[in-house]
Amino acid sequence: MSDNDDPFNESTRIIKVPDFKNSLQPNMKGQPAALVLIYRGGGSDVGKKFELTGDECYIGRSASCQIVLEDESVSRKHCKIILGETPMVQDLGSTNGTSINDDPVKTVPVPISDGSVLILGSVAFKFLVGSNIESSYYEEIYKLTTVDGLTQIFNKRYYTEALEREISRCIRYDRHLSLIMFDIDHFKRVNDTYGHLAGDFVLRKLSGAIKEVIRREDIFARYGGEEFSIILPEISIDNARVFAEKIRSTVERTHFIFENHTIPVTISVGIALFDKRVMSTRDDFISFSDSMLYDAKRSGRNCVKG
């Protein structure tokens, strides 16, 4: 059979494939844009919205910038946002760097999308752009009452209310409820050796790594400083031990690289099962889990106790 008789050998018409990557990118030129301050050491102005107008917006300590940040971690002219069809961010040779969702921004402009976290030194913003910017802003304000601005996991206020609810469910339906408390080993040494910006990076990176391995129904929160907690509804103490070891090993395997420095990070973990015979309050439950955490520290750190 000749090639001409082969039904699978029909000539192929050459076509030009459209650039789908660009065609699917919405044109944001002229759309409202804003930055919402979601984290700042000291907490001042958290929740403040900064409208972005014009073609470019400079951010820094200098009074000539459109957004002025009186913060020692921010350079005089730190970065600029370029508002065009695709919003872009450019670092201006800042001392402490600029990043988008923890990806460093260099002096070449890079795109930033709606909902991204823009970090300048120790200051973090949520970038909002599009026609629904007002509703997005109020959603962010609500999140600030429940979510820790630095790590983007639940804050202590939300956590304590959630733990009360889960204890009530546990008692009412006679179901298991386990609690994990953990903190970062030698975290002060991280801050002293690499600086507080590195410490902030470790807190964010660790939180992101653990969010990848928890269940949807688990409640993961920053309890304070470098201490964290996870509420595990309907999980027995044996399964809690297995899960606690999983998060311990996850952190140990994660690469924490900040400004070309590899930072060794491990955690000590304490676990507890709610027992209504010996625990009458939420604080009793937390205290017992905390005591297991300190057992882990006394046992040499980087281990699970409970």
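Note that the numbering used here has the sequence shown beginning at 714, numbered continuously upward. For each residue, glycine too, the CB sits at the ideal point set by N, CA and C.
From the DSSP output, in three-state form, read off residue i for me.
| i | result |
| --- | --- |
| I976 | coil |
| M1005 | helix |
| C883 | helix |
| A747 | strand |
| K856 | helix |
| L863 | coil |
| A957 | helix |
| V964 | helix |
| E764 | strand |
| I999 | helix |
| R753 | strand |
| G1013 | coil |
| R986 | Arg is not the amino acid found at residue 986; the sequence shown has Leu there. Correct three-state label for L986: strand. |
| I927 | coil |
| K742 | coil |
| V787 | coil |
| S736 | Only weak support exists for where S736 lies, its pLDDT of 39 falling under 50; the value from the coordinates is given anyway. DSSP places S736 in helix when its eight states are reduced to three. |
Count the other CB atoms within 10 Å of the CB of residue i; is the residue buried (16 or more) or exposed (fewer)?
| i | result |
| --- | --- |
| K734 | Note that K734 scores 40 on pLDDT, short of 50, meaning its location in the model is unreliable; the coordinates nonetheless yield the value given after this. By the neighbour-count rule (16 or more Cβ atoms within 10 Å), K734 is not buried but exposed. |
| D815 | exposed |
| A776 | exposed |
| D758 | exposed |
| I999 | buried |
| S1012 | exposed |
| D905 | exposed |
| N808 | In the sequence on display, residue 808 carries Thr and not Asn. Flag for T808 reads exposed. |
Rounded C-beta distance between residue i and residue j? I'm assuming under 8 Å.
| i | j | result |
| --- | --- | --- |
| S942 | I893 | 6 Å |
| V836 | P800 | Not confirmed; about 19 Å, so no contact. |
| L916 | E939 | 7 Å |
| V1017 | R961 | 6 Å |
| I832 | V823 | Incorrect: roughly 13 Å between the Cβ atoms, too far for contact. |
| E783 | R774 | 6 Å |
| V926 | K959 | 6 Å |
| M869 | G937 | The sequence given here has Lys at residue 869, not Met. Correct: roughly 6 Å between the Cβ atoms. |
| Y907 | I976 | 6 Å |
In the DSSP output, which residue or residues are listed as bridge partners for residue i?
| i | result |
| --- | --- |
| E769 | I795 |
Contact between the stretch 916 to 928 and the stretch 872 to 879 (3+ Cβ pairs under 8 Å): no
Is there contact between the stretch 927 to 935 and the stretch 981 to 992, where contact requires at least three CB pairs shorter than 8 Å? no
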